[in-house]
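Chemist:
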Amino acid sequence: MHVFDYGGRTGYEPISEVDRKEFHEQGFMLLRNVLTEDHRAALEEAVDRVYAEEKAAGRTTKDGTLHLLGFLDRDELFGELLTHPVAFPYMWGLAGWNIYTHHNHLDVTPPAAEPEKPYWGWHQDGYRQNSDPETMDPNLPRPMFSLKVAYVLSDLSETGRGATKVIPGSQLLNSLPRPDDLTVHNPDPEGAVEITANPGDAFIFDRRQWHSRSTNLSNITRKMLFVGYTYRWIRPLDELHVDKESEWYRNRTPVQRQLIGEGTHTANYWGINWDGYIDDEIPLRKELKTRGLLDRSVPWLR
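This note's numbering numbers the first residue of the sequence shown as 308 and each following residue consecutively.
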């Protein structure tokens, strides 16, 4: 296990009501200095190694872009991110204890070699989660279901470096008007902002937040790690090919093993035992209960 100095932070410090309110109003939050510099540098080194492996295997795009799904078991450092001492409280604080990672991706975006063709990249995450649970009332937002934390490894402190764009508050909108002609360059929707961030920062966002990639017009290669969390009763989106005989697996804590999808039986994924009562042995629930962090006033922390 790698040891980085986070000043005694454990990953089980509750988030503030101010942060909770901002997230629910804006649909995202930029968190400054989430990674210590030595941790960020170690993660970037691991990303560079994985990128080199994928490129050698011919699994990057023609322009060198890599969007690698299910990357967590490619390095010990990646597995430890599941319970990062600064970011993890936002995951259980905003989604509760019955969660796991269903979707995670490693992104490397080199500078664009040529002008990009017109595209409309604005979307909400979740695929069928954006239609199956929808009501006929367009003013009733769909459920959040999942959220992501995005770790920034490269310098995205200026616009034009391929950073994620978001529309603050748009997580409450079930639809977004599309331009009539997508064969030409269209302006971003009203209110759109590009998340500029320093190396070591992170941002979290509601899966319903309308967001888009952007073109990397700089000379800096964008490097990001995204870890998504959802409820354990939702099926995984990405495949994690975890070798249970590996050192990587042996090094995972009980909570981290929950977060990679483990459970004792099918009802356990729904937060209960077969008798229909809450399973207090679910690792993250047990940890929060032991620390006195369950809160009946917050539905997902009951």
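Using N, Cα and C, we set each Cβ at its ideal position, and we do this for glycine too.
#1: So what does E501 bridge to, in DSSP terms?
#2: With a CB to CB cut of under 7 Å and the five nearest residues on each side skipped, what residues in its chain are close to E465?
#3: Within its chain, find whatever has a CB closer than 7 Å to the CB of Q333; leave out the 5 residues flanking it on each side and keep chain order.
#4: For H572, which of helix, strand or coil comes out of DSSP?
#5: On a Cα-Cα basis, can you pick out the residue from W555, A419, D355 that is closest to G467?
#6: Assuming the contact rule is C-beta atoms closer than 8 Å, V341 and V393 should be a hit. Round their C-beta distance to whole Å, please.
#7: Closer than 8 Å by C-beta to S461: which residues in its own chain qualify, once you throw out the five before and the five after it? Chain order, please.
#8: In whole angstroms, what separates the C-alpha of D312 from that of H346?
#9: Which residue marks the beginning of the alpha helix (DSSP H) containing A359, and which one marks its end?
#10: Would you decide whether S482 is buried or exposed? Buried here means 16 or more other CB atoms lie within 10 Å of its CB.
#11: With H, G and I counted as helix, E and B as strand and the rest as coil, what does DSSP make of M531?
#12: Taking Cβ to Cβ, would you say D582 is nearer than 8 Å to N575?
#13: Measuring only the C-alpha atoms, how far is G428 from V549?
#14: Taking all protein chains shown into account, do 16 or more other C-beta atoms lie within 10 angstroms of the C-beta of R514, making it buried, or fewer, making it exposed?
#15: In three-state DSSP terms, what is H331?
#16: Can L389 and H412 be called in contact, C-beta distance under 8 Å?
#17: Name the DSSP bridge partner or partners of L413?
#18: What is the residue span of the alpha helix (DSSP H) that F452 lies within?
#19: Within its chain, find whatever has a CB closer than 8 Å to the CB of S525; leave out the 5 residues flanking it on each side and keep chain order.
Modeler: Straight from the coordinates:
#1: DSSP output for E501 lists K472 as bridge partner(s).
#2: Contacts found: T503.
#3: These residues qualify, in order along the chain: P475, G476.
#4: The answer is coil: DSSP assigns H572 none of H, G, I, E or B.
#5: Of the candidates W555, A419, D355, the one whose C-alpha sits nearest the C-alpha of G467 is A419.
#6: That pair is a contact at about 5 Å.
#7: Hits under 8 Å: E351, R468, P506, I527, T528, R529, K530, M531.
#8: Their backbone Cα atoms lie some 9 Å apart in a straight line.
#9: 344-363 is the span of the alpha helix (DSSP H), which, as asked, contains A359.
#10: Flag for S482 reads exposed.
#11: Three-state DSSP puts M531 in a strand.
#12: Not in contact: D582 and N575 (Cβ atoms no closer than 8 Å).
#13: Cα to Cα, G428 sits roughly 32 Å from V549.
#14: Buried, since its Cβ has 16 or more Cβ neighbours within 10 Å.
#15: Looking at H331 - three-state DSSP - the assignment turns out to be helix.
#16: Cβ distance not < 8 Å, so L389 and H412 don't count as in contact.
#17: Paired residue(s): L375, L532.
#18: Counting along the chain, F452 falls outside any alpha helix (DSSP H), and DSSP gives it neither H nor E.
#19: Scanning its chain for C-beta atoms nearer than 8 Å, with the 5 sequence neighbours on each side dropped, one finds around S525 the residues P418, E465, G467, R468, G469, in chain order.
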